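There are 2 protein chains.
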Amino acid sequence: MRMGTNLPKVGSYNRAVVLEAIQVSDGISRVQIAKHAGLTAQTVSVIVRKLLEEGLVVEDGSLPSSGGKPRTILRVDPAAGYAVGIHFDPGEISYVLADLAGQPVTVLHTDVRPGLSPEEVIRQMARTARDMLRHAGVPDHKVLGIGLACPGPLDADGVMNFPPRLSGWDQVPIKRLLEEHTGFPVTFDNDAAAAAIGERWAGLARATASFAYLYLGTGIGGGLFLDNQIYRGRSLNAAEFGHITVMPDGPDCYCGNRGCVEAICCPSAIEAAVRTRLAEGAGSMLAAGPGNGPEKDPGADPAGGPGGPDHAAICAAAAEGDPLAREVIDMVAARLADAAVSIVNMLDIDLLVLGGPAMHKVGHIYHQVIAEAVASRPLARRLHQVHVETSPIAADAAAIGAASLVFHATYAPRLGTLLTS
Amino acid sequence: MRMGTNLPKVGSYNRAVVLEAIQVSDGISRVQIAKHAGLTAQTVSVIVRKLLEEGLVVEDGSLPSSGGKPRTILRVDPAAGYAVGIHFDPGEISYVLADLAGQPVTVLHTDVRPGLSPEEVIRQMARTARDMLRHAGVPDHKVLGIGLACPGPLDADGVMNFPPRLSGWDQVPIKRLLEEHTGFPVTFDNDAAAAAIGERWAGLARATASFAYLYLGTGIGGGLFLDNQIYRGRSLNAAEFGHITVMPDGPDCYCGNRGCVEAICCPSAIEAAVRTRLAEGAGSMLAAGPGNGPEKDPGADPAGGPGGPDHAAICAAAAEGDPLAREVIDMVAARLADAAVSIVNMLDIDLLVLGGPAMHKVGHIYHQVIAEAVASRPLARRLHQVHVETSPIAADAAAIGAASLVFHATYAPRLGTLLTS
């Protein structure tokens, strides 16, 4: 049964609406907020006075107005609060210290040393987060919390649940342990949902009501905002775009399904496809040997394939026009495009954002193929154009998003909080 | 930018929450409503008194309570209002007169006579609706309106937009014309969304927060409720489940995409698949001749295939165990199951409802294959079980749903109305 609402909820909801209006704008006046949010000038005034007193918002110059006196511009004060975002990936841990405007102050990457126990890894995360805050001179009372982005499913208490590619981590209460070792509250989500929240708080999707984020990392995931709300699903497992079936007789996926986007398009699947084609005798610069690319690959499977070129080398070769590498990347792009069209036909969104570390070197190919498909194939394309954009922070999207988790949880207007419980 | 809220909106939202709580229950007390909806006993009391005065709700016996005095049971008064639901399909028009509880009082089907202009067809719809009301003795002031379910995209003003399989109907303002000819307000939606709303108002999904409806008719469509709200998408074209790509190199679809569920699984595609297999010499009771089934086929393409058995005959043969018919229907069921798993992985719902006229005779096969897939393949299956149910009103789901459109639009709590605009 659904929930009713009451007055105190209305007050805090409207406060969050006003703060979000200020955060997503590049400077906005009280009059503009009232107009866009459908609130009275008086309601907006009272809320803004409180936000100024609390130091969350600052007045910053003024706008000329048509007639009347100039209007004061309001902005979120970036220095009013900070969060550390941690993206825990099987191969690497990324850290971002972000200010309240969602901008990164410091970015750090560390390897996951093999052989460490989960608790030792978590202790190392806590130490690194504390070090970042100290070096940046951020005092504890300005820290709103730690945001943690992990690969796929966590339960509602922040316990890891069969994490793919992380053996030994099943049932680890990572949220509780990280809280104990840092002393700060921890907000968590999967990496793809965190990336989506990052785009909403401070990135491409600030002003977009409904968008999907297609996240290409070690695995493939997604995040969804529908009608201005993050949509998590009934068990917090919505937007698993990597497990859309795109080939009825396609390869088995670790998830139990087959022909999944992830089983065809993730870095380890790309490596396997190239190995197969090389074994068939296809000509390629990759045939020279088990070339590990010159640079570290942010999207590769840390387990590594059984010989053959790795994902970084394949993407670099595709970008340079190697026919075999390009053939495989084009096939992957086509399957991603099929999934993108299905997402648009099911969800009728405004924007599809592409991001994640596995976009490195080949993001422009994926973008072109997916954008063409989304422009020409959805049922409602004549009524409604869907934009496709590549996140400018694709590589660090999950870590920046992880920091945004904290701001979003603290400040974003959520209809759920408007309803009584 | 998102909207704030205010006091009058809160009042009408809570009223709708209470009315819905009464409608979806099989009798409920004031205390139960307050508890489930998180409202105070006083708020519920005030709202219920008003609903009783207006005659929308009646007191109907009492429940024993633990200690204290027995609690009065509240129900919606079915006779408090009526709506006529019209499902306009290329082959047939279905009419349902429904009471406020969503139960059908009268059901009627008429053929669409070839050669009539759109305006003549709409005039015939209006006449039939008026006749139904007169025969049932429902006075005009008890009629809340007409609900209209149409195939394919309508724009926000109820003008048909390239309706598939209805040549001559593009740009017909069907809502306005039907209002002129009946004198009642018309609420419209596509057939699949109407079917979903019917299940929510009075069917299988009364108490379900998030569900998807997979509608199998002349075409294949869908409807979505997410977190207790119908989700229509930004251009009112969400839930187009028929246009999920399930075969990368599959057949072209009229929509501009290829390998769509609809292009493989709709009745005319099933007819084409059987023709192809017969031409290849496959043995079947269907090989005898261009057998039109003995009964009218509610799901067939009215244009008819170029010879060969029709959809009704194929489904009847599959139900009787004919190997060729069963082979084709099993292939169709497998592709529907692939789409169903993708829907579950993307939307993390509680329930998938199957319905629509093309379920006739083969619904049990589709149900079994889809339910098995949804139990064994989604990523979050260990965390969250998704139910698969066949609508008991599958054949008339769109017409009954069309009547529910009126009740839903008039009475359902919509978060959209809670936000100012």
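Residue numbers (the numbering used here), protein chains in the order written: chain A, 174 to 594; chain B, 174 to 594.
Cβ coordinates follow ideal geometry from the N, Cα and C atoms, glycine included.
Everything numeric in this text was worked out from a predicted model, so none of it was measured.
Own chain, CB closer than 7 Å to residue i, minus 5 neighbours either side, in chain order
i	result
A:A602	The structure shown has nothing for residue 602 of chain A, since chain A only spans 174 to 594.
B:D313	none
A:I522	S383, F384, A385 and V559
B:T301	Y268, L281 and T283
B:D422	G432
A:E372	A378, Y386, V526 and S564
DSSP state of residue i mapped onto helix, strand, coil
i	result
A:M333	strand
A:I403	strand
A:S408	coil
B:L281	strand
A:N118	A question about residue 118 of chain A goes unanswered here, because the residues of chain A that appear run from 174 up to 594.
B:A322	strand
A:C428	coil
A:C433	strand
A:V316	strand
B:V547	helix
A:V217	helix
B:R554	coil
A:F357	coil
B:I566	coil
B:L289	coil
Residue i burial status per 10 Å Cβ neighbour count (16 or more: buried)
i	result
B:A214	exposed
A:A289	It should be pointed out that residue 289 of chain A corresponds to Leu in this sequence rather than to Ala. That one is exposed.
B:S408	buried
B:G536	buried
B:D262	buried
A:R555	exposed
A:D362	buried
B:Q276	exposed
A:R188	buried
A:L236	exposed
B:G356	exposed
B:P467	Residue confidence for B:P467 is low, a pLDDT of 44 falling below 50, so the modelled location carries little weight and cannot support an answer.
B:G415	buried
A:R222	exposed
8 Å CB neighbourhood of residue i in its chain, flanking five on each side removed
i	result
B:T279	Y268, V269, L270, M305, H308 and A309
A:K469	With a pLDDT of only 45 at A:K469, under 50, the local geometry of the prediction cannot be trusted, and the value read off the model is given with reservation. Excluding positions up to five away in sequence, the list reads A485.
B:D250	G228, L229, V230, V231 and L273
Per DSSP, cross-strand counterpart(s) of residue i
i	result
A:F261	A:I266
B:L525	B:A385 and B:V561
B:D272	B:Y255
A:S235	A:T245
B:G395	B:L387
A:L327	A:M333
A:V230	A:V249
A:I201	A:L247
B:T449	Bridge partners of B:T449: none, in fact.
B:T418	B:C433
Contact under 7 Å by Cβ, residue i with residue j
i	j	result
A:A412	A:L397	yes
B:H260	B:A571	yes
A:V345	A:P291	yes
B:S530	B:G390	Reading off the sequence shown, one finds Pro at residue 530 of chain B, where the question assumed Ser. Result yes, Cβ atoms of B:P530 and B:G390 sit closer than 7 Å.
A:A575	A:A367	yes
B:D233	B:I220	no
A:A512	A:V447	no
B:P336	B:G392	no
A:I417	A:S549	no
A:V316	B:T178	no
B:G331	B:L578	no
B:P586	B:V190	yes
A:R244	A:S198	no
Cutoff 6 Å; reference residue i; Cβ partners in own chain excluding five residues on either side
i	result
A:G464	Because the pLDDT at A:G464 is just 47, under 50, the model does not fix this residue reliably, and the point stays unresolved.
A:E352	V359
A:M458	A490 and D495
B:E562	L377 and V526
B:C428	H416
B:L497	R450, A455 and S457
Partner residues on chain C for residue i, Cβ-Cβ distance less than 7 Å
i	result
A:E413	The structure shown has no chain C; the protein chains it does contain are A and B.
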